[in-house]
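As structure tokens, the structure follows; a few thoughts come after it.
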Amino acid sequence: MTRAHPQTDLTKVAAQPATAVVEADDRARSRELRRRRIRRRILLNLARIALLVVALGSWELGVRTRHIDPFFWGQPTGVWKQLKVWITDGTAQGSLAEQILVTLQEAVYGFLIGVALGVILGIALGRSRFLSDLLSPFIKAANSIPRIVLGSLFSIAFGFGLTSKVVLAVVLVFFGVFFNAFQGTREVDRNLLSNARILGASRWQAVRHVVLPSAFTWILASLHVSFGFALIGAVVGELLGADKGMGLLIRNAQNNFSPNGVLAGMVVIGIIALVAEALITALEKRLLRWRPPQMAGDAGI
Amino acid sequence: MTTNSTGNVIELNGVSKRFATPSGGIYTALRDLHLAVAPGEFCAIVGPTGCGKSTTLTLVSGLERASGGTVEVDGVPVSGITPGVGFMFQNDAVFPWKSVLDNVAAGPRFRGAGKRQANEAARDWLRRVGLSGFEDRYPHQLSGGMRKRVALAQSLINEPRVLLMDEPFSALDVQTRSIMADELLALWEQTRPAVIFVTHDLEEAITLADKVVVLTAGPGRIKATFRVDLPRPRKAQEIRFTDDFVSIYSEIWEALRSEVETAYARTTSEVSA
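Chains G and Z, in that order, are what the protein sequence lines are. Numbering of the first sequence is given in the numbering used here, commencing with residue 1093 and proceeding in unit increments. Numbering of the second sequence is given in the numbering used here, commencing with residue 14 and proceeding in unit increments.
Here it is, written out as structure tokens:
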């Protein structure tokens, strides 16, 4: 690193107490580091925007110069127009907000139920050797089949309403959470468990105060992926048959040969997923306050 | 306090402990161990690595069951977790997701005390171990010595009649270690539980204990028992330079040395084999 104050000459340094010089130097360095960090962040965001502009711009350009057929692939301005129409005039099946709410409700229900089941079963199997030996081949088998296909079955069994989508989302969410909860339970520090037992914890208290918080680190990591799965479950469920929701909107666009409609639906779902991701990250930060901060932030000087 | 006919809080008679090794063999950690600790007595166990020192503690606490012989606490054979026992582990066993206050209050809370009552007791114990003002911190925000104090308060708040300590200070630096030894003695004087203190550090053992037990290289059995009649209160930093201390040290070291050498020879031959 270059010195921040080259004007400091030797006579000045000799006149000051040594510690003051060091402190001033440290302050200058940390100011400089902060400036660099901010500059880097601005640069990064500019580069990201540029990347997006280039990608979308070349797509649009390809359409305008007739290298890409918008009948099959759509075009960015078309997607934007479609979104504007949905927002201002609503969709053929009601307002856009209503479609979003329907899909969101299915996804959130599926997510919550799937997470609850995954956590409970994961911890139960993680704690019980017998249960895990008994059930693990079945769970592995169930995990390896393409579960999305079950959506067809559910829409036959549960109809076009809320239930079939929720059940499909649950099936998709469950496994990721389950495996993480199971592994998290297995990795619990035996010392901590022994300590809790000696301090007087009952079996249930040991689970509540040691196993659960310890497994939580693992479980929270799986939640990021899981909400995405819940959304997929809800949307696929709607594609297979529904009377409302984002999936139906996309399907109708498909039936009308409107690639812009399909893509606009994707954009909306993508925004939902990003918001959910931010919420889960905030939750994670709050629940894992007790963890030491990661060391990655320390830059060498 | 109920004690058995011999007046001891802890009695191990002819105790053995065998473990199944992952390769399918049997490993004998303890063989025919006899040990008795009187109420309020501070007993240190020293011995070479792998001689079953820690195993002895897990048997007394009820975390493990003896393979043979009898283990009695307060005249009652140990089955399940022994009531009235505190345990300080070698590694940090404070709960990282609980604040300092909640960590110390955990014992009373597990035992059914109300939140306010438990917190009050926990504050009192934090004051005694010199951690007032750190109630809301999480363990990772504390130094190693401070975490040990939390662990100590966490154990002592249950007012155990028996305190088991498994090399609790071995991870600390030498200076912090002798400070912790002084604090442990001061706290021990307040409630006077019977203590079994496992360590590989002979100096620490003599500083703290009324009685030092030397175990043989595994399978562990008692080689010799020494009384340490140094006057209390003791100061860890000073006591080690007294003549009495030095003579007891050399006496016990005489018994310990051959065991350490045996154990060392075994580990090196295992490596070369």
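Quick reminder that beta carbons are idealized off the backbone N, C-alpha and C, glycines included. Keep in mind the model is a prediction, meaning the values are calculated, not measured.
Asked, Found
"With a threshold of 16 other CB atoms inside 10 Å of the CB of G:F1164, please say whether the residue is buried or exposed.", "exposed"
"Short of 8 Å in beta carbon distance, which residues of its chain neighbour G:L1226, apart from the five on each side in sequence? Order them along the chain.", "none"
"Where does Z:Y40 sit, in a helix, a strand or coil, going by DSSP?", "strand"
"Mind pulling the chain G residues with CB within less than 9 Å of Z:W138?", "Within chain G, no residue comes near Z:W138; the closest Cβ sits about 13 Å away, beyond 9 Å."
"What's the call for G:W1151, buried or exposed, on a 16-neighbour Cβ count within 10 Å?", "buried"
"Grab the span of the beta strand (DSSP E) containing Z:A33 for me, first residue to last.", "I23 to A33"
"Which residues of chain G have a Cβ atom closer than 7 Å to the Cβ of Z:R240, listed in chain order?", "Near Z:R240 there are no residues of chain G at all, since even the closest Cβ is about 29 Å away, more than 7 Å."
"In this structure, what does DSSP give as the bridge partners for Z:K224?", "Z:C56 and Z:R240"
"Could you please give the first and the last residue of the uninterrupted alpha helix (DSSP H) stretch that includes G:T1277?", "L1254 to R1278"
"Leaving out the 5 sequence neighbours to the left and right, which residues in its chain are closer than 6 Å to Z:A286 when beta-carbon positions are compared?", "Reliability fails at Z:A286, whose pLDDT of 46 lies under 50, so the model's placement of it is uncertain and the value that follows must be treated cautiously. Result list for Z:A286: empty, nothing under 6 Å."
"Run through chain G and tell me which residues come within less than 9 Å of Z:Q167, C-beta to C-beta.", "N1287 and L1291"
"Out of curiosity, what's the CA-to-CA distance linking G:Q1275 and G:I1212?", "13 Å"
"What beta strand (DSSP E) runs, 3 residues minimum, are completely inside the segment 132–207 of chain Z?", "175–179"
"Rounded to the nearest angstrom, how far is the Cβ of Z:S101 from that of Z:M178, given a contact under 8 Å?", "Per the sequence presented here, residue 101 of chain Z reads as Met, with Ser not at that position. Z:M101 to Z:M178, Cβ: 5 Å. Contact."
"Run the CB neighbour count on Z:L72, radius 10 Å, all protein chains shown included, and call it buried at 16 or more, exposed below.", "buried"
"Mark Z:T281 as exposed unless 16 or more other C-beta atoms lie within 10 angstroms of its C-beta, in which case mark it buried.", "exposed"
"Determine whether the Cβ of Z:I94 lies closer than 7 Å to any Cβ atom of chain G.", "yes"
"Which chain Z residues sit within Cβ distance under 7 Å of G:N1283?", "F102, N104 and A106"
"Are the C-beta of G:Q1099 and some C-beta of chain Z separated by less than 7 Å?", "Reliability fails at G:Q1099, whose pLDDT of 47 lies under 50, so the model's placement of it is uncertain and the value that follows must be treated cautiously. Chain Z, which has no Cβ nearer than 7 Å to the Cβ of G:Q1099, makes this no."
"Just checking my contact of G:L1284 with Z:A106 at CB under 8 Å: how many whole Å lie between their CB atoms?", "6 Å"
"List, in chain order, every chain Z residue whose beta-carbon is nearer than 7 Å to that of G:Q1275.", "Those do not exist, as G:Q1275 stays about 18 Å from chain Z at its closest Cβ, beyond 7 Å."
"Can you pull the chain G neighbours of Z:P109, defined as C-beta to C-beta under 7 Å?", "W1382"
"Of the choices Z:G60, Z:E24, Z:V50 and Z:N104, whose alpha-carbon is the least far from that of Z:A79?", "Z:E24"
"If you drop the 5 nearest sequence neighbours on each side, which residues of the same chain put their C-beta closer than 6 Å to that of G:F1246?", "S1256, V1259 and L1260"
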